[in-house]
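First comes the structure, then the notes that go with it.
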Amino acid sequence: MPVNDIIQLILFEEQVGKIGYDPDQKKCFFQYNPVFLEKNIYKNIFPYIIKRIESTQVFTDYSGQTFKGLPPAIADSLPDTFGNIIFKEWFNARHSERSKFTPLEQLTYVANRGMGALEYQPAKQIPKTSTINISEMVELLRKVLDQKKDISEKNLDTESLLNIFKMGTSAGGARPKLLISEHKENGAIIPGDIEYSDSYYHYLVKLSMDENAIYNKETVEYIYFQMACAAGIDMMPSHMIDQKHFATHRYDRQNGEKQHVLTASGLTGWDFRKPEESTYENLFKLALDLKVPYKNINQLYRRMIFNLVFANIDDHLKNHSFIYDREKDSWSLSPAYDLTFPLDLRFNFTKVSRALSINGKRESINKKDVLALANSFSVKNPKGIIEEVQEQVLSWEALALEQELPEKVIKDIRNEFQTLI
Ligand SMILES: Nc1ncnc2c1ncn2[C@@H]1O[C@H](COP(=O)(O)OP(=O)(O)OP(=O)(O)O)[C@@H](O)[C@H]1O
Ligand SMILES: [Mg+2]
Numbered sequence: 563m564p565v566n567d568i569i570q571l572i573l574f575e576e577q578v579g580k581i582g583y584d585p586d587q588k589k590c591f592f593q594y595n596p597v598f599l600e601k602n603i604y605k606n607i608f609p610y611i612i613k614r615i616e617s618t619q620v621f622t623d624y625s626g627q628t629f630k631g632l633p634p635a636i637a638d639s640l641p642d643t644f645g646n647i648i649f650k651e652w653f654n655a656r657h658s659e660r661s662k663f664t665p666l667e668q669l670t671y672v673a674n675r676g677m678g679a680l681e682y683q684p685a686k687q688i689p690k691t692s693t694i695n696i697s698e699m700v701e702l703l704r705k706v707l708d709q710k711k712d713i714s715e716k717n718l719d720t721e722s723l724l725n726i727f728k729m730g731t732s733a734g735g736a737r738p739k740l741l742i743s744e745h746k747e748n749g750a751i752i753p754g755d756i757e758y759s760d761s762y763y764h765y766l767v768k769l770s771m772d773e774n775a776i777y778n779k780e781t782v783e784y785i786y787f788q789m790a791c792a793a794g795i796d797m798m799p800s801h802m803i804d805q806k807h808f809a810t811h812r813y814d815r816q817n818g819e820k821q822h823v824l825t826a827s828g829l830t831g832w833d834f835r836k837p838e839e840s841t842y843e844n845l846f847k848l849a850l851d852l853k854v855p856y857k858n859i860n861q862l863y864r865r866m867i868f869n870l871v872f873a874n875i876d877d878h879l880k881n882h883s884f885i886y887d888r889e890k891d892s893w894s895l896s897p898a899y900d901l902t903f904p905l906d907l908r909f910n911f912t913k914v915s916r917a918l919s920i921n922g923k924r925e926s927i928n929k930k931d932v933l934a935l936a937n938s939f940s941v942k943n944p945k946g947i948i949e950e951v952q953e954q955v956l957s958w959e960a961l962a963l964e965q966e967l968p969e970k971v972i973k974d975i976r977n978e979f980q981t982l983i
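Residue numbers (the working numbering): 563 to 983.
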């Protein structure tokens, strides 16, 4: 294997191991650093798939679109749909002669800028940039995403493109978003890729980009955030920017430290695009196997009920994450995120079904099904949880009016809510 096809994996300033990649076979190699193993610290950072052994491990089962051949926990560091569009635009603007890169090469751009705490070396040097302005960034992003024009025709200066790259390529998910950090005292806003100190607030901002839409999806996500909090779901504090964009504090940047976080898909290798392993039962089993604090099981149940009642069918395995405690070497459920009404009201969506099944069902899930699940995982007082969540349905209309959603949209979304009987 050529030397430049090997990169180092770093976590909490420790050289954890090295990763190799064979692009022809989409096959990956991982070897722990013996010095790291000998220290006997952070034993549970990869609870599954990557074994804690000295010899080289070969991964051949993850060659599809989701993991790109990498061990799933490492693949979690790569961007998804939106980040990849930005990455490709930026890469193509700089390297006109080639448009292909391996996932390992992409990790050298992720470097120390990724979500969570995993870092990769060698790092491609990305210059530091100064303060930014969100509405300018959104305009720039519109230009970058303009499908009709080639990047060379878009008249973007290098600094702007660099900023978009720094803010737009790390986070996962399909919708447009930027990572920004805001200085706690002087309010200066900088790209949120490198800085993680406690002098800043660190946000993931989900952007409203479609000016012709009949309603603002980010506003709906904000109302869902309010209802979820009132229903007892733990979420990071969030707010709207310019009444358009949804800004949420990052749980992977807390107390001036990077937090090691993995999605349910990244932890287990269950492919979030495939239905086979996409079940709530699996998610509960995973939580139990990780030995999360018991109250997390009830919390997970509350989230499941919320997703059912409020028609959030986009509850896939990358929309649930766990967070690692480096002092205790243990895992717990991360705050909830991406709770929203995910469907497009303009289209007929009767054929779209829930990402995670319950009791073998993706549709017509009823009270019996969710009570059966509660029973299997010893959830305390499931009926009380259902009631508390369902009570929030009553707050939808007032909250939506407060945010000035069109009345027809308020009614149409309300019609999709489900009462569990
Ligand atoms: N508050 C947060 N702190 C840290 N990471 C977050 C936070 N919210 C979301 N993330 C991470 O960013 C990813 C993308 O966010 P989110 O799921 O909200 O975006 P999306 O584009 O709507 O996703 P989808 O493709 O599921 O519709 C998540 O999968 C999660 O890993
Ligand atoms: Mg998501």
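Beta carbons are placed, not taken as given, at the ideal position from N, Cα and C, and that holds for glycine.
For residue i, which residues from the same chain have a beta carbon less than 8 angstroms from its beta carbon, with the 5 sequence-adjacent residues on both sides left out?
{"i": "Thr902", "result": "Lys779, Val782, Glu783, Tyr786, Asn874 and Asp876"}
{"i": "Asp931", "result": "Ile920, Asn921 and Lys923"}
{"i": "Glu616", "result": "Gln593, Tyr594, Pro596 and Leu599"}
{"i": "Leu907", "result": "Ile776, Tyr777, Val971, Asp974 and Ile975"}
{"i": "Ser800", "result": "Tyr784, Phe787, Phe808, Ala809, Thr810 and His811"}
{"i": "Pro968", "result": "Ile776 and Tyr777"}
DSSP state of residue i, grouped into three classes?
{"i": "Trp832", "result": "coil"}
{"i": "Gln965", "result": "coil"}
{"i": "Ala898", "result": "strand"}
{"i": "Ser714", "result": "helix"}
{"i": "Val823", "result": "strand"}
{"i": "Asp887", "result": "strand"}
{"i": "Gln627", "result": "coil"}
{"i": "Arg908", "result": "coil"}
{"i": "Asn977", "result": "helix"}
{"i": "Thr670", "result": "helix"}
{"i": "Tyr856", "result": "helix"}
{"i": "Pro837", "result": "coil"}
{"i": "Tyr786", "result": "helix"}
{"i": "Lys705", "result": "helix"}
{"i": "Asn687", "result": "Position check: residue 687 holds Gln in this sequence, whereas Asn was assumed. Here Gln687 sits in coil by DSSP."}
{"i": "Lys880", "result": "coil"}
{"i": "Lys746", "result": "coil"}
{"i": "Glu576", "result": "strand"}
{"i": "Pro564", "result": "Model confidence at Pro564 stands at a pLDDT of 46, short of 50, so the residue's coordinates are unreliable; what they give is reported in the following sentence. Looking at Pro564 - three-state DSSP - the assignment turns out to be coil, as it is neither helix nor strand."}
{"i": "Pro634", "result": "helix"}
Return the chain-ordered list of same chain residues with a C-beta closer than 7 angstroms to the C-beta of residue i, the five sequence neighbours on each side being excluded.
{"i": "Thr622", "result": "Lys589"}
{"i": "Pro904", "result": "Asn874, Ile875 and Asp876"}
{"i": "Leu895", "result": "Ala849, Val854, Asn858, Gln861, Leu862 and Phe884"}
{"i": "Lys705", "result": "Lys716 and Leu718"}
{"i": "Lys806", "result": "Ser770, Asn778 and Glu780"}
{"i": "Thr841", "result": "Leu918 and Ser919"}
{"i": "Tyr762", "result": "Ser743, Glu744, His745 and Lys746"}
{"i": "Pro689", "result": "Leu724"}
{"i": "Lys942", "result": "Asn860"}
Starting from residue i, follow its DSSP beta bridges and name the residues at the other end.
{"i": "Ala809", "result": "Val767 and His801"}
{"i": "Phe592", "result": "Ile581 and Gln619"}
{"i": "Tyr682", "result": "Leu571"}
{"i": "Leu740", "result": "Val767"}
{"i": "Trp652", "result": "Trp652 pairs with nothing; no bridge assigned."}
{"i": "Arg815", "result": "Lys820"}
{"i": "Ser926", "result": "Per DSSP, none; premise fails for Ser926."}
Enumerate in chain order the residues of its own chain whose CB-to-CB distance from residue i is below 6 angstroms, with the five nearest sequence positions on each side excluded.
{"i": "Gln593", "result": "Gly579, Lys580 and Thr618"}
{"i": "Gly831", "result": "Ile611 and Pro634"}
{"i": "Lys772", "result": "Looking at the sequence provided, one finds Asp at residue 772 rather than Lys. None."}
{"i": "Leu982", "result": "Lys929 and Ile948"}
{"i": "Lys820", "result": "Ala679 and Tyr758"}
{"i": "Asp638", "result": "Leu824, Thr825 and Gly828"}
{"i": "Leu632", "result": "Cys590 and Pro665"}
{"i": "Val951", "result": "Ala793, Ile867, Phe868 and Val871"}
{"i": "Gly818", "result": "Ser759 and Asp760"}
{"i": "Tyr813", "result": "Met798, Ser896 and Pro897"}
{"i": "Ser915", "result": "Arg924 and Glu925"}
Quick test of your reading: residue i and residue j, contact by CB under 8 angstroms. State the CB separation rounded to the nearest angstrom.
{"i": "Ile795", "j": "Arg864", "result": "6 angstroms"}
{"i": "Tyr682", "j": "Leu571", "result": "6 angstroms"}
{"i": "Phe626", "j": "Asp833", "result": "Residue identity check: residue 626 is Gly in the sequence provided, not Phe. Correct: roughly 7 angstroms between the Cβ atoms."}
{"i": "Lys880", "j": "Thr825", "result": "4 angstroms"}
{"i": "Lys605", "j": "Arg614", "result": "7 angstroms"}
{"i": "Thr693", "j": "Ile742", "result": "Contact flag wrong, Cβ pair sits at about 10 angstroms."}
{"i": "Leu640", "j": "Val620", "result": "Rounded, the Cβ-Cβ distance is 20 angstroms, inconsistent with contact."}
{"i": "Pro518", "j": "Met789", "result": "It is not possible to answer for residue 518, since the shown part of the chain is limited to 563 through 983."}
{"i": "Leu852", "j": "Trp893", "result": "4 angstroms"}
{"i": "Leu707", "j": "Ile647", "result": "7 angstroms"}
{"i": "Ile756", "j": "Asn695", "result": "With a Cβ gap of about 19 angstroms, Ile756 and Asn695 do not count as contacting."}
{"i": "Ile569", "j": "Thr670", "result": "6 angstroms"}
Examine chain C for any beta-carbon lying closer than 8 angstroms to the beta-carbon of residue i, and answer yes or no.
{"i": "Leu741", "result": "Protein chain content of the structure displayed is limited to a single chain, and chain C is not contained in it."}
Checklist entry - Taking one C-beta from the segment 646–654 and one from the segment 717–730 each time, how about it: are there three or more such pairs within less than 8 angstroms? => result Contact holds: three or more Cβ-Cβ distances are below 8 angstroms.
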